[in-house]
Amino acid sequence: MTNTRTRLLRFGLSLAGAAIVLGAVVAPGVLAQTAPSAAVSTTTTAATTVGQTQTLTLAETEGPYFKANSPETTSLLQDGMQGTVLTVTGQVLAQDGTPIANALLDFWQANASGSYDNSGYMLRGHQYTDADGYYTLTTIVPGLYPGRTEHIHVKVQAPNGPVLTTQLFFPGVAQNARDGIFDPSLVLNTLNGADGSQSAIFNFVVQTA
Ligand code: FE
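So the sequence shown is numbered by the working numbering: it starts at 15 and just counts up by one.
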């Protein structure tokens, strides 16, 4: 299992590639925080991030399949699970750009065939951001189900803040254009890894009170 530090380093490299390769198609805001932990670690550069008003992440409908009490885990992978492995990392930020530690993220999604586990907790899990506001989710790319494009559901909540319920989407999916819930601001900037997996960075901006 790759440790968090290695993963973040890898994502740093991926992000550099993303900025070059996907810069023109990534939704505004998704790549705005290219070096957030560095930016807030010194007073000289903090002003470039903290203090700039961030656009709140768009709320989306919860849908019918949320289940409370998901397990606490950063990886939704299980032995034998079908699908393309996907790692999403990023930060939870306040509107002034401040990273939020201990923010709750609760993810749930369909499997690669487009089915939800409504009897158990497969592909459901919650986690908390670290001291620098970072989260990492390891999962699979969800499949399509009738009426919906590919999406991952998530609830995000700063400590003592309101719950943001939203969804993440995928680039280049034909059904995006026919899904009334789809929004380009919520599209992941996915990169294809050499091993066939995908990675993406997504920052959430939430209300803190
Ligand atoms: Fe759904």
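Note that CB positions come from ideal geometry on N, CA and C, so glycine has one too.
| Query | Result |
| --- | --- |
| Answer yes or no: do residue 211 and residue 101 have a C-beta to C-beta separation smaller than 8 Å? | yes |
| By the DSSP assignment, the beta strand (DSSP E) with residue 104 in it spans what residues? | 99-107 |
| Would you list the one or two residues that DSSP bridges to residue 177? | 171 |
| Which residues bound the beta strand (DSSP E) around residue 138? | 138-142 |
| Would residue 156 and residue 203 be called neighbours here (beta carbons separated by less than 8 Å)? | no |
| Quick one: does the C-beta of residue 79 sit closer than 7 Å to a heavy atom of the ligand FE? | yes |
| What residue from 114, 130, 185, 83 has the CA that sits closest to residue 120's CA? | 83 |
| Taking the alpha-carbon positions, what's the residue 198 to residue 183 distance? | 8 Å |
| If you measure between the beta carbons of residue 152 and residue 117, is that distance less than 8 Å? | no |
| Using C-beta distances below 6 Å, list every residue in its chain close to residue 105, excluding the 5 sequence neighbours before and after it, in chain order. | 50, 113, 147, 148, 217 |
| State the Cα-Cα distance for the pair residue 178 and residue 93, rounded to the nearest angstrom. | 31 Å |
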